[in-house]
Amino acid sequence: MKILITGGSGYVGSLLIPTILDKTEWEVVTYDAQWFGQNLSEHPRLKIIKGDIRNIDEGVFKEIDKVIHLANIANDPAVELDPTLSWEVNVLASYRMAELSAKAGVKDFIFASSGSVYGIKDDEKVTEDLELVPISVYNKTKMIAERVFYSYRDTFRVISIRPATVCGLSERLRLDVSVNMLTHQAMKNGVITVFGGDQVRPNIHIKDLVSVYLHFLENSSIPSGFYNAGFENLSIKSIAQIIAELTGSKITITPSNDPRSYRQDSTKLINTGFKPAFGVKDAINEIVAQHQRGELIEKETFYTVKTMKKLILRGLI
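Counting along the sequence shown from 1, when you hit position 299 you're at 299 in our numbering, and nothing is skipped either side.
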């Protein structure tokens with residue numbers, strides 16, 4: 001089997017691809033603009049292509065059986081840097097991906113959407129059948145891309161994963177997502193700064209998210225549809241408290257105008273046979289341990305907005 005993974009050098013892709021190569025005999029082609037570096041090691045069953053997803057060529061899809069589409073402009077602050085760019089990458093390029101996949105005879109298409117498409121919800125259980133009320137440009141691009149791909153469900157199987165906020169280590173670490181950021185603050189400064197704190201966010205360990213993608217690759221009988229992937233609904237304040245208990249750090253709370261608060265219920269995913277194995281505490285402990293070993297060397301590319309600002313200024317995006 002041959003798999004195409006876009007965004008393979010990113011936060012999730014740089015862990016997903018080595019895991020696939022280690023656990024299977026499949027061939028992998030990855031297509032990535034490498035804005036945050038080339039974070040993959042060479043492998044005889046891995047072909048690395050540097051390219052902008054907006055200009056992906058149909059030749060990339062030759063003999064591809066399955067696609068995992070991770071490439072996107074991720075999170076609200078990054079999208080707000082250049083909303084037009086985000087519509088081009090997250091939506092227009094998605095339509096191109098769908099068309100080229102259909103032309104190439106791809107059997108399965110797995111799309112990395114976002115749990116944020118639900119917007120602000122007071123429901124205790126936010127399930128896949130609830131109305132989507134996106135409140136930001138990023139949320140809207142994900143919702144529309146979902147609909148683009150789902151319109152091809154009679155041509156190939158379409159799985160849209162709606163991940164919670166991801167935490168944990170990878171080769172292209174992100175220190176601008178809540179658990180990772182707060183843990184890094186605790187280890188670097190001894191103080192955790194929380195903005196607001198009452199907002200509830202779902203979380204998923206990156207190893208579990210990688211396992212979710214493998215789960216759908218390996219189980220072709222699971223039908224097309226939308227699947228939440230988040231297993232711990234925690235307030236930002238409670239995440240900070242867990243980190244403080246594990247690290248002995250102090251917490252300072254600052255007012256916030258960020259209203260986003262939502263939970264996720266992933267019963268639908270669990271009912272397909274998936275079992276999560278990791279949690280927020282695992283991610284915290286992994287980051288703490290890497291700090292203690294002196295192995296967490298902070299890089300600019302660990303911060304999406306900071307990196308993209310420089311690339312935009314240089315005219316590289």
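Glycine included, every Cβ here is placed at the ideal spot set by N, Cα and C. For clarity, every value in this text was computed on a predicted model and none was experimentally measured.
- Rounded to whole angstroms, residue 301 and residue 106 show a C-alpha spacing of 33 Å.
- Assignment of residue 55 by DSSP, reduced to helix, strand and coil, places it in the helix class.
- When DSSP states are grouped into helix, strand and coil, residue 112 belongs to the strand group.
- Under the three-pair Cβ rule at 8 Å, the segment 66 to 84 counts as touching the segment 138 to 149.
- Cβ neighbours of residue 32 within its own chain (closer than 6 Å, five residues either side excluded): 7, 8, 9.
- For residue 61, the three-state secondary structure derived from DSSP is helix.
- Contact fails between the segment 229 to 241 and the segment 290 to 310, because fewer than three Cβ pairs, one in each stretch, are under 8 Å apart.
- Rounded to the nearest whole angstrom, the C-alpha separation of residue 119 and residue 19 is 32 Å.
- Cβ contact annotation for residue 135 (same chain, cutoff 6 Å, sequence separation greater than five): 119, in chain order.
- When 127, 308, 189 are compared, the shortest CA-CA separation from residue 248 is found for 189.
- Under the three-state reduction of DSSP, residue 191 is assigned to strand.
- Annotated three-state conformation of residue 134 is coil, per DSSP.
- Per DSSP, reduced to three states, the secondary structure at residue 304 is helical.
- Note: residue 205 is bridge-paired with 167 in the DSSP secondary-structure output.
- Burial of residue 226 is indicated by the presence of at least 16 other C-beta atoms within 10 angstroms of its C-beta.
- Counting only the Cα atoms, residue 212 lies some 34 Å from residue 253.
- Taken through DSSP and simplified to helix, strand or coil, residue 73 comes out as coil.
- Judged by their CB atoms, residue 58 and residue 100 are nearer to each other than the 7 Å cut-off.
- Taking each of 80, 86, 65 in turn and checking the Cα distance to residue 103, the smallest one comes out for 65.
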